[in-house]
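K.L.:
Before I ask anything, here is the structure I am working with.
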Amino acid sequence: MSSPDTQDDLLARRNTAEKSLALRPAREYEFLVTTEQPHHAKGTERQRIRQKVMRNFFEVQKAGPLATTSETSSVSTAQAQTKLKSRFRLSKTGQDSTIPQKTGTSHKTARKSEGKKTARAAGKAQTSKKTLCTKREVGSDTTSFRSLSPPEKSAYLPNITTEVVPTPSPFSLDAHLMDPFDALPVANTVKLELLFQLYKSGTKLNSVVIDCTNTWWPFVASDPGLLHATLASWALYGVLMRGVTSVVPEMLGHKTEAIKEINAKINSSNGWISDELVGNVLILATFENLYGEYDSALLHFGALKRMVDVRGGLDTFNHNCGLARGVVWVDFHTAIALRRPPVLPLVLDGPEPPPLPQTLLEEATNNSSLSLLQLPVSPIECFNIFQTMHLLALATTSRYVDEVDRLTYSNMLYELEFFILSTIDYSLDMTALVQNRLRITYDQKSPESEASDNDYARKTHDETTAAIITEAVLTSAQIFICAAMRDIPPSTKLYTILLQRLRGAIEWPGVSIINTWKEVKNLHILLWALVVGACVAPRSKREWWTERIGQVMREMGVCTLGALEGVLTEVAWTDYTFADALRGVWAQVDEVVHFKRI
């Protein structure tokens, strides 16, 4: 009969148990793909299980070695054992999960599995190596790998040793995974990170205009339709601005899914128009506007307008500033392209934004375009437009960009765009006015009729001059706002429409461009309008613009790039958008001027 254990023996056993627990490795998890079918059929259940398992894993990892005793008592894992069996492989304590277990399959079965695996891989595009798993990826199909022979396994795992090499956590910021836990309501594709990078690298100003209160991303990140539509617009922006054509399939795919979500919301809404449905339609309308499909954009905007009316107007969306401003800017973009006033009324609710910095106001006062007050028609309107544009251009410079409040900038630009679109359009009568002017100038008249027509000729001359200058001022202001303050890509169809409109307003048969603008003492405004048009025009189509710029510069005595920048700064200018484009335009203008001197 053995003697009872002494107190020293009990303490020794306890220390030995604690040491063994400390040496016991932590439980590790490994994600396995067990089917080729899409894994988002049960997205909610799958997301909940994965979050629970990974939360348990990290809690155990943070607790240290002594906390590993909880690995055998995970109630949540035990209850979900049947559900987790097909999704996770939990390595046992002390077992190296790097090398798969050898199964009892024959070499013939291994060859069959390898053939099936090769056939499946041939029909799929090669993707980059995944970083979600903490262990080495051994293949896209774990079942096929288990059936391989030892020499074939060695080909997949060439340099495996017993030493465990520490690897960085795949959930760190360096892992470059946008959605490692499937928190977003869309599939985490290989191009998702690229779409996020395209958005963050090129829409800073546009995000200030629309999302001045930072309410847009939380709104779209919780709805699959909104996020699909947003991703499609980001992909289109990357194609237009960066030339990233590899995201075209992603763009079309996300757009298709967004349309499906719209139909699903309409069928299940029972007549209720939700914020998500309105946001989904307005993003698709924005997509069609950028894409240049204005017929489709107008169709989407018509539906959007009816939804807003059913909800009770724009005032009912004040709880979501980004949604309300998004609806407004869809109206603005469509109005610019179709040359019509805005359909929606001017609505500015919310807290009073802070004023602009005093130093910015003083600088803008010293460089204001007072010469616009000498225009025969709409002088006050044109002066207010360019004065506000000058303030906003200064606000985007490096000196003031951190001092101007986002809401202040957004409200000023909103009011400016609404004011421009609401100004009377004289272009519809310009053709008749110019024809009357030419008839009076060149027709043979008797002395009696000549005296009676003097007043009419002077009136026609003034009306024609006002129509030409007003149209050029409004159109050039639209181009400047779209390029410098909205960050709309230069390759969009909207610029083609605006450039044709501006060129038609500047150049008229039988009318001298320089003399017309000299009469109203606004030759520097003409130079500014020509440079703005040249900056957004394709390089291969700048010849007409550069020739006119050279003519006006010679008339004004402007001979250097610095002098040209000084003239542009007095009107409205920002190097944020036009710095590189201006250097290219100047190089082409210098070639034209130098050629004509010789």
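Numbering (UniProt numbering), first residue to last: 1 to 598. All C-beta atoms in this analysis are idealised placements derived from N, C-alpha and C, irrespective of residue type, glycine included. Quick caveat: nothing in here was measured; it's all calculated off a predicted structure.
CB-CB under 7 Å to Ala264, same chain, minus the five flanking residues each way: which ones, in chain order?
P.N.:
In the sequence shown, residue 264 corresponds to position 264, counting from 1. Nothing meets the Cβ criterion.
K.L.:
Touching or not, the region 222-236 and the region 275-294, by the rule of three or more beta carbon pairs under 8 Å?
P.N.:
In short, these stretches touch, since the Cβ pair count reaches three.
K.L.:
Using C-beta distances below 7 Å, list every residue in its chain close to Ile497, excluding the 5 sequence neighbours before and after it, in chain order.
P.N.:
Position 497 of the sequence shown, counted from the first residue, corresponds to residue 497. Closer than 7 Å at the Cβ level, and outside the excluded window around Ile497, lie Ala337.
K.L.:
Buried or exposed, going by whether 16 or more other CB atoms sit within 10 Å of the CB of Phe58?
P.N.:
Your numbering for residue 58 matches position 58 in the sequence shown. That one is exposed.
K.L.:
With a CB to CB cut of under 8 Å and the five nearest residues on each side skipped, what residues in its chain are close to Val281?
P.N.:
As a position in the sequence shown, residue 281 is number 281, starting the count at 1. These residues qualify, in order along the chain: Ile262, His300, Ala303, Leu304, Met307.
K.L.:
Thinking C-beta only, is Pro218 closer than 8 Å to Val186?
P.N.:
For the purposes of this step, residue 186 is identified with residue 186 of the sequence shown, where counting begins at 1. For the purposes of this step, residue 218 is identified with residue 218 of the sequence shown, where counting begins at 1. In this structure, Pro218 does not lie closer than 8 Å to Val186 by Cβ.
K.L.:
Where does Glu352 sit, in a helix, a strand or coil, going by DSSP?
P.N.:
As a working mapping, residue 352 is identified with position 352 in the sequence shown. The answer is coil: DSSP assigns Glu352 none of H, G, I, E or B.
K.L.:
Quick one: what does DSSP say Glu555 is sitting in, helix, strand or coil?
P.N.:
One-based indexing of the sequence shown puts residue 555 at position 555. Here Glu555 sits in helix by DSSP.
K.L.:
Does the separation of the CB atoms of Leu391 and Leu346 fall below 8 Å?
P.N.:
Counted from its first residue, the sequence shown places residue 391 at position 391. Counted from its first residue, the sequence shown places residue 346 at position 346. Contact: no.
K.L.:
Taking contact to mean 3 or more Cβ pairs, one atom from each stretch, closer than 8 Å, check whether the region 530-544 and the region 569-583 are in contact.
P.N.:
Output reads yes: the region 569-583 touches the region 530-544.
K.L.:
With the cut-off set at 8 Å, would you say Glu193 and His228 are in Cβ contact?
P.N.:
Along the sequence shown, one-based indexing puts residue 193 at 193. Along the sequence shown, one-based indexing puts residue 228 at 228. Not a contact, by the Cβ cut-off of 8 Å.
K.L.:
Using the three-state DSSP reduction, which class does Glu471 fall into: helix, strand or coil?
P.N.:
Counted from its first residue, the sequence shown places residue 471 at position 471. Helix.
K.L.:
Looking only at C-alpha atoms, which of Gln358, Lys521, Ser422, Leu284 sits nearest to Lys260?
P.N.:
For the purposes of this step, residue 260 is taken as the residue at position 260 of the sequence shown. Measuring from the Cα of Lys260, the nearest candidate turns out to be Leu284.
K.L.:
Do Met556 and Leu502 count as a contact pair if the criterion is CB distance below 8 Å?
P.N.:
In the sequence shown, residue 502 corresponds to position 502, counting from 1. In the sequence shown, residue 556 corresponds to position 556, counting from 1. No, the Cβ-Cβ distance between Leu502 and Met556 is not below 8 Å.
K.L.:
Mind pulling the alpha helix (DSSP H) runs of 4 or more residues that sit fully within the region 304-361?
P.N.:
List check, alpha helix (DSSP H) in window: 321-338.
K.L.:
What's the C-alpha gap between Ser540 and Met54?
P.N.:
Your numbering for residue 540 matches position 540 in the sequence shown. Your numbering for residue 54 matches position 54 in the sequence shown. Whole-angstrom Cα-Cα distance: 56 Å.
K.L.:
State the Cα-Cα distance for the pair Glu543 and Asp275, rounded to the nearest angstrom.
P.N.:
Sequence index remark: in the sequence shown, residue 543 carries index 543 (1-based). Sequence index remark: in the sequence shown, residue 275 carries index 275 (1-based). Those two C-alpha atoms are separated by around 48 Å.
K.L.:
Out of Val327, Arg242, Ala232, state which residue places its alpha-carbon closest to the alpha-carbon of Leu277.
P.N.:
Start at 1 with the first residue of the sequence shown, and residue 277 comes out as number 277. Minimum Cα distance to Leu277 is reached at Val327.
K.L.:
Using the rule of at least 16 other Cβ atoms within 10 Å of the residue's Cβ for burial, across every protein chain shown, is Pro489 buried or exposed?
P.N.:
Within the sequence shown, the letter at position 489 stands for residue 489. Under this definition Pro489 is a buried residue.
K.L.:
Where Ala563 and Gly313 are concerned, what is the direct C-alpha to C-alpha distance, given to the nearest angstrom?
P.N.:
For the purposes of this step, residue 563 is identified with residue 563 of the sequence shown, where counting begins at 1. For the purposes of this step, residue 313 is identified with residue 313 of the sequence shown, where counting begins at 1. Whole-angstrom Cα-Cα distance: 49 Å.
K.L.:
Keeping to the same chain, check which residues put their C-beta closer than 6 Å to that of Trp216; ignore five residues upstream and five downstream.
P.N.:
Taking the first residue of the sequence shown as position 1, residue 216 is located at position 216. These residues qualify, in order along the chain: Gly322.
K.L.:
State the DSSP-derived secondary structure class of Ala537, mapped to helix, strand or coil.
P.N.:
Counting from one through the sequence shown, the residue named residue 537 turns up at place 537. In the structure shown, Ala537 sits in coil (DSSP, three-state: anything other than H, G, I, E or B).
K.L.:
So what's Val244 in DSSP terms, helix, strand or just coil?
P.N.:
As a first step, residue 244 is located in the sequence shown; it is residue number 244 there, counting from the start. Correct three-state label for Val244: coil.
K.L.:
Give every residue of the same chain whose Cβ lies closer than 8 Å to the Cβ of Val310, excluding the five residues on either side of it in the sequence, and list them in chain order.
P.N.:
Within the sequence shown, numbered from 1, the residue matching residue 310 stands at position 310. So the qualifying residues of the chain are Ile273.
K.L.:
Are the Cβ atoms of Leu416 and Thr388 separated by less than 8 Å?
P.N.:
What you label residue 416 is simply residue 416 of the sequence shown in a count that begins at 1. What you label residue 388 is simply residue 388 of the sequence shown in a count that begins at 1. Taking 8 Å as the Cβ cut-off, Leu416 and Thr388 qualify as a contacting pair.
K.L.:
Excluding sequence positions up to five away, which residues of its chain have a Cβ less than 8 Å from the Cβ of Asp580?
P.N.:
Stepping through the sequence shown from its first residue, residue 580 is reached at position 580. Closer than 8 Å at Cβ, skipping near neighbours: no residue.
K.L.:
Can you give me the C-alpha to C-alpha distance between Gly550 and Leu561, rounded to a whole angstrom?
P.N.:
Along the sequence shown, one-based indexing puts residue 550 at 550. Along the sequence shown, one-based indexing puts residue 561 at 561. Whole-angstrom Cα-Cα distance: 12 Å.
K.L.:
Between the C-alpha atoms of Leu372 and Ile514, what's the straight-line distance to the nearest angstrom?
P.N.:
Here residue 372 refers to the residue found at position 372 when the sequence shown is read from its first residue. Here residue 514 refers to the residue found at position 514 when the sequence shown is read from its first residue. Roughly 16 Å between the two C-alpha positions.
K.L.:
Shortest alpha-carbon distance to Arg486 belongs to which of Ile49, Ser512, Leu413?
P.N.:
Sequence index remark: in the sequence shown, residue 486 carries index 486 (1-based). Cα-wise, what sits closest to Arg486 is Leu413.
K.L.:
Tell whether a beta-carbon distance below 8 Å holds between Leu394 and Leu360.
P.N.:
Counted from its first residue, the sequence shown places residue 394 at position 394. Counted from its first residue, the sequence shown places residue 360 at position 360. Their beta carbons are under 8 Å apart, which means Leu394 touches Leu360 by this criterion.
K.L.:
Can you list, in chain order, the residues of its chain with a C-beta nearer than 6 Å to that of Val593? Leave out the 5 residues immediately preceding and following it.
P.N.:
Working through the sequence shown from its first residue, we reach residue 593 at position 593. Cβ within range, chain order: Gly550.
K.L.:
Using the three-state DSSP reduction, which class does Tyr400 fall into: helix, strand or coil?
P.N.:
As a working note, residue 400 is residue 400 in the sequence shown. Looking at Tyr400 - three-state DSSP - the assignment turns out to be coil, as it is neither helix nor strand.
K.L.:
Excluding the 5 residues preceding and the 5 following Phe317 in the sequence, name in chain order all residues of the same chain whose CB lies nearer than 6 Å to its CB.
P.N.:
If you number the sequence shown from 1, residue 317 lands on position 317. Once the five neighbours on either side are set aside, the close Cβ partners of Phe317 are Leu323, Ala324.
K.L.:
Can you give the Cα-Cα distance for Lys255 and Thr286, rounded to whole angstroms?
P.N.:
Position 255 of the sequence shown, counted from the first residue, corresponds to residue 255. Position 286 of the sequence shown, counted from the first residue, corresponds to residue 286. Computed Cα separation, rounded: 12 Å.
K.L.:
Whose CA, out of Asn56, Pro341, His333, Gly243, lies closest to the CA of Asp295?
P.N.:
As a working mapping, residue 295 is identified with position 295 in the sequence shown. Ranking Asn56, Pro341, His333, Gly243 by Cα distance to Asp295 puts His333 first.
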